[in-house]
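S.K.: I'd like to ask some things about the structure below.
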Amino acid sequence: MSSHKNHEHLTTIKDAVKETTSLNEDEKSQSIKTIEEWILEEKASGTLKQELLKISLYFEELFSELGIK
């Protein structure tokens, strides 16, 4: 997957985190911080999912809804 495509996915995930009511404010803050670090470092999305799942199982649902494996 291209770096541009990864950035689009990460931005989509970040936007969804901001809007969700499934996470508390601390979980949102930790999640957004993690996603922003990944955007800056252009890391692959597979490992990001594992990092976000450490914060909340909500991310299983979010990734599924967004069609991101």
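In my numbering, the protein residues as written are 930 to 998.
From the three backbone atoms N, C-alpha and C, an ideal C-beta is built for every residue, glycine too.
Looking at I984 and E948, is the spacing between their C-beta atoms short of 8 Å?
M.R.: Stepping through the sequence shown from its first residue, residue 948 is reached at position 19. Stepping through the sequence shown from its first residue, residue 984 is reached at position 55. No, the Cβ-Cβ distance between E948 and I984 is not below 8 Å.
S.K.: Rounded to the nearest angstrom, what separates L969 and H936 at their Cα positions?
M.R.: On the sequence shown, position 40 is the one that residue 969 refers to. On the sequence shown, position 7 is the one that residue 936 refers to. Each residue's Cα considered, the two are about 9 Å apart.
S.K.: Would L995 and A945 be called neighbours here (beta carbons separated by less than 8 Å)?
M.R.: Translated into positions along the sequence shown, residue 995 becomes position 66. Translated into positions along the sequence shown, residue 945 becomes position 16. Their beta carbons are under 8 Å apart, which means L995 touches A945 by this criterion.
S.K.: Buried or exposed: which applies to T976, given that a residue is buried once 16 or more other Cβ atoms fall within 10 Å of its Cβ?
M.R.: Locating residue 976 in the sequence shown gives position 47, counting from the first residue. Counting Cβ neighbours within 10 Å, T976 comes out exposed, since fewer than 16 surround it.
S.K.: Going by beta-carbon coordinates alone, are S942 and I964 separated by less than 8 Å?
M.R.: What you label residue 942 is simply residue 13 of the sequence shown in a count that begins at 1. What you label residue 964 is simply residue 35 of the sequence shown in a count that begins at 1. First, the amino acid is wrong: residue 942 is Ile here, not Ser. Their beta carbons are under 8 Å apart, which means I942 touches I964 by this criterion.
S.K.: Go ahead and label L991 buried or exposed: buried means 16 or more other beta carbons lie within 10 angstroms of its beta carbon, across all protein chains shown.
M.R.: Here residue 991 refers to the residue found at position 62 when the sequence shown is read from its first residue. Label assigned to L991: buried.
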